[in-house]
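Novice:
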Amino acid sequence: SDAIGRVSDMRAGYDHALARALTLAVEIGGWRGYAGYQGFSLESAARGDLALMIRDRPVIDESLSTAERLRALASLAGQPEDVQRLMLRELGLHSGS
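The opening position of the sequence shown corresponds to residue 5 in the working numbering, with each subsequent residue numbered one higher.
1) Does the count of Cβ pairs from the segment 18-31 and the segment 49-62 closer than 8 Å reach three?
2) From L95, H98 and L46, pick the residue whose C-alpha is nearest to that of L28; which is it?
3) Between which two residues does the alpha helix (DSSP H) carrying V87 extend?
4) Since G43 and G33 should fall inside the 8 Å C-beta cutoff, what is the C-beta to C-beta distance between them, to a whole number of angstroms?
5) Please confirm whether A76 and L95 have their CB atoms less than 8 Å apart.
6) Ordered along the chain, which non-local residues of its own chain (more than five positions away) have a Cβ less than 8 Å from that of L54?
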């Protein structure tokens, strides 16, 4: 939809800025000598030591909740066998054909 497209477009800019801020935080941690940041300096990103990217992710999570999965499993008993197989496959619980 248009809304999802707009959110995705905005995320690209926000994610880039967040990745840059995190990179700077690690560089500053190394420069200040904080524990766990040894080996990093203010030049770490320029040297390519801090390649950071935020992975693309869905705007709306379309996966089933645990409760929804349990309800679907509970409804299997009254279904024909072919429907049961299809439901199990959709839930990721059956690898057969």
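Backbone N, C-alpha and C fix where the C-beta goes; we use that ideal spot for every residue, glycine too.
Specialist: According to the data block:
1) yes
2) The count along the sequence shown starts at 1 and reaches residue 28 at position 24. Nearest of L95, H98 and L46 to L28, Cα basis: L46.
3) The sequence position of residue 87 within the sequence shown is 83, counting from 1. Counting along the chain, the alpha helix (DSSP H) containing V87 begins and ends at E85 to E94.
4) As a first step, residue 43 is located in the sequence shown; it is residue number 39 there, counting from the start. As a first step, residue 33 is located in the sequence shown; it is residue number 29 there, counting from the start. Wrong, their Cβ atoms sit about 11 Å apart, outside the cutoff.
5) Residue numbering aside, residue 76 sits at position 72 when the sequence shown is read from its first letter. Residue numbering aside, residue 95 sits at position 91 when the sequence shown is read from its first letter. The answer is yes: Cβ separation under 8 Å.
6) Locating residue 54 in the sequence shown gives position 50, where the first residue counts as 1. Contacts found: T27, V30, E31, F44 and S48.
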